[in-house]
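Participant:
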Amino acid sequence: MLLNNDEFLLALAELFVATRENGSVTVTLKRYNYEGVKQERQKKRAKTASNEEAMQLIVDRLSLNDTEYATLVRANTEKRKLSTLVAPSSLDVFLARYHGLLMVNAESIKKKDRLKKKKAAVKLLAAKKACSKKSTVKA
């Protein structure tokens with residue numbers, strides 16, 4: 001469902017709260033190309049046109065220009081899909097608010113078991129050193 005930026009951030013906060021105990025939220029950001037329909041037409045023409053014309057269409061499509069693109073932001077859970085288009089002029093403000101939202105909800109991110117593995121490795125190393133000291137004392 002396409003929402004405006006404020007509604008999207010509010011709904012995203014609700015998703016984070018709803019999935020705090022169980023579930024996950026996937027957020028993706030990508031450049032939004034306004035000329036999607038035009039590109040589809042070009043692809044169809046390229047399939048039916050001669051090789052030279054097809055190559056020219058591809059080169060034209062890939063040519064770099066100085067236009068600014070909107071950013072498409074999507075959020076998915078198992079049950080809900082949200083999206084919004086962020087204008088280039090308001091991208092900094094949106095990302096700052098999004099960053100704040102992530103920091104508030106960062107406590108629900110699961111920590112990796114690195115500490116448990118590290119503690120186990122330290123204990124194993126200590127046990128090996130203790131065994132090697134006992135074997136050198138007996139000799």
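Here the sequence shown is numbered in our numbering, starting from 1 and rising by one per residue. Backbone N, C-alpha and C fix where the C-beta goes; we use that ideal spot for every residue, glycine too.
Grouping DSSP H, G and I as helix and E and B as strand, with all else coil, what is Val86?
Facilitator: Looking at Val86 - three-state DSSP - the assignment turns out to be strand.
Participant: With 16 as the cutoff for other CB atoms within 10 Å, does Ala75 come out buried or exposed?
Facilitator: That one is buried.
Participant: Tell me which residue opens and which closes the alpha helix (DSSP H) that Arg97 is part of.
Facilitator: Per DSSP, Arg97 belongs to the alpha helix (DSSP H) from Leu91 to Val104.
Participant: Opposite Thr71 in the DSSP bridges: which residues?
Facilitator: Answer is Arg31 and Val86, bridged to Thr71.
Participant: Could you give the DSSP three-state label for Lys116: helix, strand or coil?
Facilitator: Lys116: helix per DSSP, three-state reduction.
Participant: Have a look at Phe16 and Cys131 and give me their C-alpha separation to the nearest angstrom.
Facilitator: The alpha-carbon atoms of Phe16 and Cys131 are separated by roughly 49 Å.
Participant: How would you call Val73, buried or exposed, if buried means at least 16 neighbouring beta carbons within 10 angstroms?
Facilitator: Under this definition Val73 is a buried residue.
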